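Using the working numbering, the letters of the sequence shown correspond one by one to residues 58 to 143.
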Amino acid sequence: MNKALELIQAAIDEQAKQEEAKKEVLALIKEKGLSLEDFASESATDKRSKVRPKYRIEKDGEVFEWTGRGKTPKAFVGVNLEEHKI
Numbered sequence: 058m059n060k061a062l063e064l065i066q067a068a069i070d071e072q073a074k075q076e077e078a079k080k081e082v083l084a085l086i087k088e089k090g091l092s093l094e095d096f097a098s099e100s101a102t103d104k105r106s107k108v109r110p111k112y113r114i115e116k117d118g119e120v121f122e123w124t125g126r127g128k129t130p131k132a133f134v135g136v137n138l139e140e141h142k143i
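Below is the structure:
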């Protein structure tokens, strides 16, 4: 029982340290004239470019497109890809 109480207290202490660290970081950000949005906008952008599809097939009235990268979609399994090149 004492071991469990010690573990709980250690977790509470760790959480308190983390909260204090968060407060310090937020205070420093505010002191420097920045906001959290300044950091979020830089890391949230996706730097990958969109790849155009190489293949297009129509099955059951539905159009499927595939770039030729990654796992082959079910609609393209067993199909001659040269016939469906865009």
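All C-beta atoms, glycine included, are put in the ideal place defined by N, C-alpha and C.
Owing to the predicted nature of the structure, the values given are computational and were not obtained by experimental measurement.
Sheet register partners of residue i (DSSP bridge)
i      : result
Ile114 : Phe121
Leu142 : Checking the sequence, you will find Lys at residue 142 rather than Leu. Paired residues: Tyr112.
Spatial neighbours of residue i in its chain, beta-carbon cut-off 6 Å, leaving aside the 5 residues before and after
i      : result
Gly125 : Lys111
Residue i versus the options, residue with shortest Cα-Cα distance
i      : options                          : result
Gly135 : Ile114, Leu64 and Ile143         : Ile114
Lys107 : Trp123, Asp117 and Glu76         : Trp123
Lys116 : Glu88, His141, Lys128 and Ala132 : Ala132
Cutoff 7 Å; reference residue i; Cβ partners in own chain excluding five residues on either side
i      : result
Ile143 : Pro110, Lys111, Tyr112 and Arg113
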